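Quick notes on the structure that follows.
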Amino acid sequence: MSRAKHKVQIKRVYDKLSADDGACFLVDRIWPRGVSKSAMQSAIWLRDVAPSAPLRKWFAHEPAKWPDFQKRYRGELQKNRAACEPLLEAMRKGDVTLLFAAKDLGMNNAAVLKGFLEQQAGKEGGGSAPLARARVVNTGLRRNF
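The opening residue of the sequence shown carries number 0 in numbering that gives the first Met the number 0; numbering runs sequentially from there.
Now the structure itself:
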């Protein structure tokens, strides 16, 4: 019997969620501007999986720092794998969407995190369903709850 592939995608918190997004997790350390907590009630906030405050401030979304940021953030994730467990558990059960507030769709913590999670899920071997390649989704629409 073949297993269904679960997708992992990343979306900005300002984009509209759809029924096929699966379990949604906010993966920023700071609450996103202009988003009420009641509007995000369907998402779980995992602030401990976000980059540390010093790393986030150092990076400041400067493209020249992107390669170093990825290495440093992956190092933080390696040291704090327990914080990733809720995400890995959700990935074992179905589709997952990582929500972030950064403007850059390619250079953000969620993009690094999804790669790290896929790597960790791959190491689990037979215990988890295979994962499809993550997608970046930009609907261009404001989130509507």
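Idealized CB from N, CA, C, for every residue including glycine. Everything numeric in this text was worked out from a predicted model, so none of it was measured.
Runs of the beta strand (DSSP E) lying entirely within the stretch 54 to 127, each at least 3 residues long, are 95 to 99 in chain order. By the neighbour-count criterion, in which 16 or more other beta carbons inside 10 Å mark a residue as buried, A81 falls on the exposed side.
When the beta-carbon positions are compared, F99 and I43 stay at least 8 Å from each other.
Around the C-beta of N107, 16 or more other C-beta atoms lie within 10 Å, and the residue is accordingly described as buried. Taking K102 as reference, the option from V95, Y13 and G93 with the minimal CA-CA separation is Y13.
Between R55 and V111, the C-beta gap is not smaller than 8 Å, which leaves the two residues out of contact. One Cα belongs to G121, the other to T96, and the distance between them is close to 18 Å.
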